[in-house]
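> What follows is a single structure, and I will ask about it in a moment.
2 protein chains.
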Amino acid sequence: MKTVKASIIGFGSIGQGVARVLLMKKEYLNKEGIDIKVVAITDSKGAAIDENGLDLEKCLAIKADKGTVAEKEMTGLDVINQIDHDLVIEATPTDVITGGAGLLNMQAAFENGRDVVTSNKGPLTLKFKELNELAEKKGCAFRYEATVGGAMPIINLTKEVMAGNEIESIKGIFNGTCNYILTRMLEEKSSYSEILTEAVDLGIAETDPTYDVEGIDTAGKVVILANAVFGMNKTINDVDRTGITQITYEALEMSAKNGKTIKLIGEVRKDGSLTVSPRLVPIGHPLSVSGTLNVASVQTDLAGEITVTGKGAGSIETASAILSDIISIYKAD
Amino acid sequence: MKTVKASIIGFGSIGQGVARVLLMKKEYLNKEGIDIKVVAITDSKGAAIDENGLDLEKCLAIKADKGTVAEKEMTGLDVINQIDHDLVIEATPTDVITGGAGLLNMQAAFENGRDVVTSNKGPLTLKFKELNELAEKKGCAFRYEATVGGAMPIINLTKEVMAGNEIESIKGIFNGTCNYILTRMLEEKSSYSEILTEAVDLGIAETDPTYDVEGIDTAGKVVILANAVFGMNKTINDVDRTGITQITYEALEMSAKNGKTIKLIGEVRKDGSLTVSPRLVPIGHPLSVSGTLNVASVQTDLAGEITVTGKGAGSIETASAILSDIISIYKAD
Numbered sequence: 001m002k003t004v005k006a007s008i009i010g011f012g013s014i015g016q017g018v019a020r021v022l023l024m025k026k027e028y029l030n031k032e033g034i035d036i037k038v039v040a041i042t043d044s045k046g047a048a049i050d051e052n053g054l055d056l057e058k059c060l061a062i063k064a065d066k067g068t069v070a071e072k073e074m075t076g077l078d079v080i081n082q083i084d085h086d087l088v089i090e091a092t093p094t095d096v097i098t099g100g101a102g103l104l105n106m107q108a109a110f111e112n113g114r115d116v117v118t119s120n121k122g123p124l125t126l127k128f129k130e131l132n133e134l135a136e137k138k139g140c141a142f143r144y145e146a147t148v149g150g151a152m153p154i155i156n157l158t159k160e161v162m163a164g165n166e167i168e169s170i171k172g173i174f175n176g177t178c179n180y181i182l183t184r185m186l187e188e189k190s191s192y193s194e195i196l197t198e199a200v201d202l203g204i205a206e207t208d209p210t211y212d213v214e215g216i217d218t219a220g221k222v223v224i225l226a227n228a229v230f231g232m233n234k235t236i237n238d239v240d241r242t243g244i245t246q247i248t249y250e251a252l253e254m255s256a257k258n259g260k261t262i263k264l265i266g267e268v269r270k271d272g273s274l275t276v277s278p279r280l281v282p283i284g285h286p287l288s289v290s291g292t293l294n295v296a297s298v299q300t301d302l303a304g305e306i307t308v309t310g311k312g313a314g315s316i317e318t319a320s321a322i323l324s325d326i327i328s329i330y331k332a333d
Numbered sequence: 001m002k003t004v005k006a007s008i009i010g011f012g013s014i015g016q017g018v019a020r021v022l023l024m025k026k027e028y029l030n031k032e033g034i035d036i037k038v039v040a041i042t043d044s045k046g047a048a049i050d051e052n053g054l055d056l057e058k059c060l061a062i063k064a065d066k067g068t069v070a071e072k073e074m075t076g077l078d079v080i081n082q083i084d085h086d087l088v089i090e091a092t093p094t095d096v097i098t099g100g101a102g103l104l105n106m107q108a109a110f111e112n113g114r115d116v117v118t119s120n121k122g123p124l125t126l127k128f129k130e131l132n133e134l135a136e137k138k139g140c141a142f143r144y145e146a147t148v149g150g151a152m153p154i155i156n157l158t159k160e161v162m163a164g165n166e167i168e169s170i171k172g173i174f175n176g177t178c179n180y181i182l183t184r185m186l187e188e189k190s191s192y193s194e195i196l197t198e199a200v201d202l203g204i205a206e207t208d209p210t211y212d213v214e215g216i217d218t219a220g221k222v223v224i225l226a227n228a229v230f231g232m233n234k235t236i237n238d239v240d241r242t243g244i245t246q247i248t249y250e251a252l253e254m255s256a257k258n259g260k261t262i263k264l265i266g267e268v269r270k271d272g273s274l275t276v277s278p279r280l281v282p283i284g285h286p287l288s289v290s291g292t293l294n295v296a297s298v299q300t301d302l303a304g305e306i307t308v309t310g311k312g313a314g315s316i317e318t319a320s321a322i323l324s325d326i327i328s329i330y331k332a333d
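Protein chains in written order, with my numbering: chain A, 1 to 333; chain G, 1 to 333.
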């Protein structure tokens, strides 16, 4: 049995999802030869630390009760620099402008020789190459399946399952909010602004939806795929981007009459072009999925087009992607 | 560099696809530390053998020219028993009634300590457990991604990518011929029998289409998933099966008016129930793909529903699945 001392940095929806999943899957992990001991959890108020392993059920209860697990005035960065552990589960909020705390956390983790599994897109859209090189130099694992499409396993699919294939392009729907809005506009014969209001009411869109509807979130995921799958060195500024705010109900209806639907499609091609824009997709095509789903189609030289669909968000779903990364690092061969 | 001596048993569309793919990917395989040397190819007329490695381009040319590569009167079974090699690529035609030559070939391969990668469903629908146990006992690898859905990587997806998830059910469209017929009936406002004639003309359906349209092929794939993914011990007789011959254009049209489509769905659930039957699928659901595509939805406890779509048939596409299996066996860690 390999004991892995871990920290959970960021204890919002995803960090708590990770704690729940580690509780649910303790026995499974043990069978795979992995014993995860969470020695530190941090949130915006501070840290809970126990070198013998925190009681995750208790931490979740305290978080629900008090809004924080903080017992000590330590930041995530303090924990990463000062507490002895093997794995940093980085689940702080995404900031695609500066990289936010996540960028400093990941750099510090690698500098200290710790592996990183993350759901945080920000650092990967800005500094992928630097982070990857630092991880390699320090002999650390760096996994990030959860950054693109939540539970939809696109990165590991291309790396592990489609071995032997050359990938020519990846295109898909990487933002559930946009997909929901476009799906509902047609169903309800409604305008963009009406459905946006509904989506905000349901918590599917943020009060300021710019990040989703202008395609910035999608662009971030396209950048991560470009860097992770194609080995490029792109940032979010390299993406040619158009959002969905100009799409009308009439356009969706006319498309439907012609057997097509309109989706916000992000695409990276091996020639280096990165785009996000609304596109027509034939109904019945694997990319024509509705609601908040995410989907990615991989064009390959041998297997043709392989498409994978899954839930793009959700606490447990995203934590599931983090768990699969943890298993792939520590599983005994 | 690991040299792998291989035989290609069965040199029809898939066997030839394997030879083409091995030629195309020689450099890639070498980079992965694998050198595949094909020491024997057999077809229904006999065998071509060269212990130093056959010239695959020449073999493909001879096959195209003469219809056979046979130089010696040896069967696949003879080659497996008598020629020294590591890997049997079993690509003989599927026979779900008796298992056909494939069953004897696989048994002999394991008895001789040889690994098996196959596209042949027959033996796996009849004797999965026995074959798997024999392979384990003899320390041989046994991989069969190509048996379900051609290039659609459902088996490796569930085994490798969704680690940590418990799988509750797998359902999908596993027969491109049925999917084509149902798609075209609605598009052309035509009857089952009219579109069947079209499909036979195009080579998408066999002259005797029973195996496809009665759901027997789909049932075989459901059995393989039950045994390979869930560890069950099922045969094709355990499947509750209904085909598509009773579906009318009117039923498809009425479904479409209600935002649904009819698909022949195969399903295995973890409680052991195996079914093949026409079912309503909402348009926009990941299973609602058109044409000859195959698709599989995996219901998991953590990640929710993950769906994968791909080409279910085709020489190069199926060979691509065989190649990914070969790489996963011999790739240096």
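Cβ coordinates follow ideal geometry from the N, Cα and C atoms, glycine included. Computed from a prediction, not measured in an experiment: that's the story for all the values here.
So which residues on chain A does residue 306 of chain G lean against when the C-beta distance must stay under 8 Å?
The residue you call residue 306 of chain G lines up with position 306 of the second sequence. Correct list: 151, 152, 153, 308, 309 and 310.
> Residue 261 of chain G and residue 283 of chain G look like a contact to me (Cβ under 8 Å); what is the Cβ gap, rounded to whole Å?
On the second sequence, position 261 is the one that residue 261 of chain G refers to. On the second sequence, position 283 is the one that residue 283 of chain G refers to. Indeed, because the Cβ distance is near 6 Å, the residues count as touching under 8 Å.
> In angstroms with no decimal places, state the Cα-to-Cα distance between residue 23 of chain G and residue 309 of chain G.
Here the question's residue 23 of chain G lines up with position 23 in the second sequence. Here the question's residue 309 of chain G lines up with position 309 in the second sequence. Distance between the alpha carbons of residue 23 of chain G and residue 309 of chain G is about 27 Å.
> Quick check for students: name the residue ranges of the beta strand (DSSP E) that lie wholly in the stretch 242 to 277 of chain A, counting only runs of 3 or more.
For the stretch 242 to 277 of chain A, whole beta strand (DSSP E) runs of length 3 or above, ordered along the chain, are 260 to 269.
> Would you say residue 162 of chain A reaches chain G, if we count a Cβ-Cβ gap shorter than 8 Å as a contact?
Within the first sequence, residue 162 of chain A is the residue found at index 162, counting from 1. Judged by the 8 Å Cβ criterion, residue 162 of chain A is in contact with chain G.
> Does the pairing of the stretch 34 to 53 of chain A with the stretch 70 to 83 of chain A give three or more beta-carbon distances under 8 Å?
With the cut-off at 8 Å, the stretch 34 to 53 of chain A and the stretch 70 to 83 of chain A touch.
> Name the chain G residues that come within less than 7 Å of residue 188 of chain A, Cβ to Cβ?
Residue 188 of chain A sits at position 188 when you count from the first residue of the first sequence. Here the premise fails: no neighbours, minimum Cβ distance about 13 Å.
> Looking at the C-beta of residue 141 of chain G, does it have a partner C-beta in chain A at a distance below 8 Å?
As a position in the second sequence, residue 141 of chain G is number 141, starting the count at 1. Output row for residue 141 of chain G: interface = no.
> Would you verify that the beta carbon of residue 9 of chain G is, or is not, closer than 8 Å to some beta carbon of chain A?
Counted from its first residue, the second sequence places residue 9 of chain G at position 9. False, the Cβ-Cβ gap to chain A never drops below 8 Å.
> Under 8 Å between the Cβ atoms of residue 102 of chain A and residue 90 of chain A?
In the first sequence, counting from the first residue as 1, residue 102 of chain A sits at position 102. In the first sequence, counting from the first residue as 1, residue 90 of chain A sits at position 90. For residue 102 of chain A and residue 90 of chain A, yes; Cβs fall inside 8 Å.
> Considering only the beta carbon of each residue, do residue 264 of chain A and residue 276 of chain A sit closer than 8 Å?
Working through the first sequence from its first residue, we reach residue 264 of chain A at position 264. Working through the first sequence from its first residue, we reach residue 276 of chain A at position 276. Yes; because the gap between Cβ atoms is below 8 Å, this pair is in contact.
> Would you mind telling me which residues of chain G sit closer than 8 Å to residue 327 of chain A, beta carbon to beta carbon, in chain order?
What you label residue 327 of chain A is simply residue 327 of the first sequence in a count that begins at 1. Here the neighbours are 163 and 164.
> Between residue 183 of chain A and chain G, is the shortest Cβ-Cβ distance under 8 Å, so that the two count as touching?
Counted from its first residue, the first sequence places residue 183 of chain A at position 183. So, interface residue.
> Checking 8 Å against the spacing of the C-beta atoms, do residue 157 of chain G and residue 226 of chain G come in under that value?
On the second sequence, position 157 is the one that residue 157 of chain G refers to. On the second sequence, position 226 is the one that residue 226 of chain G refers to. No; because the gap between Cβ atoms is not below 8 Å, this pair is not in contact.
> Can residue 200 of chain G and residue 207 of chain G be called in contact, C-beta distance under 8 Å?
Reading the second sequence from its first residue, position 200 is the one you call residue 200 of chain G. Reading the second sequence from its first residue, position 207 is the one you call residue 207 of chain G. For residue 200 of chain G and residue 207 of chain G, yes; Cβs fall inside 8 Å.
> Can you confirm whether residue 23 of chain A, when its beta carbon is compared against all beta carbons of chain G, has any partner nearer than 8 Å?
Position 23 of the first sequence, counted from the start, is the residue given in the question as residue 23 of chain A. Not closer than 8 Å to any Cβ of chain G, the Cβ of residue 23 of chain A fails to qualify, so no.
> Can you tell me whether DSSP reads residue 123 of chain G as helix, strand or coil?
As a first step, residue 123 of chain G is located in the second sequence; it is residue number 123 there, counting from the start. Helix, per DSSP.
> Which whole-angstrom value describes the C-beta separation of residue 319 of chain G and residue 21 of chain G, a residue pair presumed to lie in contact below a C-beta threshold of 8 Å?
Your numbering for residue 319 of chain G matches position 319 in the second sequence. Your numbering for residue 21 of chain G matches position 21 in the second sequence. Between residue 21 of chain G and residue 319 of chain G the Cβ distance is about 4 Å, and since that is below 8 Å, they are a contact.
> Does residue 45 of chain G come out as helix, strand or coil in the three-state DSSP assignment?
In the second sequence, the residue the question calls residue 45 of chain G occupies position 45. Residue 45 of chain G falls in the coil class under three-state DSSP.
> For residue 187 of chain A, which beta-bridge partners are listed by DSSP?
Stepping through the first sequence from its first residue, residue 187 of chain A is reached at position 187. Answer by DSSP bridge pairing: none, since residue 187 of chain A is not bridged.
> Between the alpha carbons of residue 245 of chain G and residue 177 of chain G, how many angstroms are there, rounded?
Taking the first residue of the second sequence as 1, we reach residue 245 of chain G at position 245. Taking the first residue of the second sequence as 1, we reach residue 177 of chain G at position 177. So the two alpha carbons sit approximately 12 Å from each other.
> So is residue 283 of chain A in contact with chain G if we call contact Cβ pairs under 8 Å?
In the first sequence, residue 283 of chain A corresponds to position 283, counting from 1. Yes, contact with chain G.
> Could you tell me whether the stretch 80 to 94 of chain G touches the stretch 112 to 126 of chain G, where touching means 3 or more Cβ pairs closer than 8 Å?
Taking 8 Å as the limit for Cβ pairs, the verdict is that the stretch 112 to 126 of chain G does touch the stretch 80 to 94 of chain G.
> Please report how far the alpha carbon of residue 69 of chain G lies from the alpha carbon of residue 164 of chain G, in whole angstroms.
Your numbering for residue 69 of chain G matches position 69 in the second sequence. Your numbering for residue 164 of chain G matches position 164 in the second sequence. Straight-line Cα distance between these residues: approximately 46 Å.
> Applying the criterion that 16 or more other CB atoms from any shown protein chain within 10 Å of the CB defines a buried residue, is residue 82 of chain A buried or exposed?
Residue numbering aside, residue 82 of chain A sits at position 82 when the first sequence is read from its first letter. Looking at its Cβ environment, which holds fewer than 16 other Cβ atoms inside 10 Å, residue 82 of chain A is exposed.
> Does residue 277 of chain G get closer than 8 Å to chain A when you measure Cβ to Cβ?
The residue you call residue 277 of chain G lines up with position 277 of the second sequence. So no, residue 277 of chain G is outside the interface.
> Taking the Cβ atom as the reference point for each residue, do residue 168 of chain G and residue 307 of chain G lie within a distance shorter than 8 Å?
What you label residue 168 of chain G is simply residue 168 of the second sequence in a count that begins at 1. What you label residue 307 of chain G is simply residue 307 of the second sequence in a count that begins at 1. No.
> Taking 6 Å as the limit between beta carbons, can you name the residues of its chain near residue 287 of chain A, skipping five residues before and five after?
As a position in the first sequence, residue 287 of chain A is number 287, starting the count at 1. Hits under 6 Å: 281, 295 and 297.
> How is residue 132 of chain G classed by DSSP in three states: helix, strand or coil?
Position 132 of the second sequence, counted from the first residue, corresponds to residue 132 of chain G. Reduced to three states, the DSSP call for residue 132 of chain G is helix.
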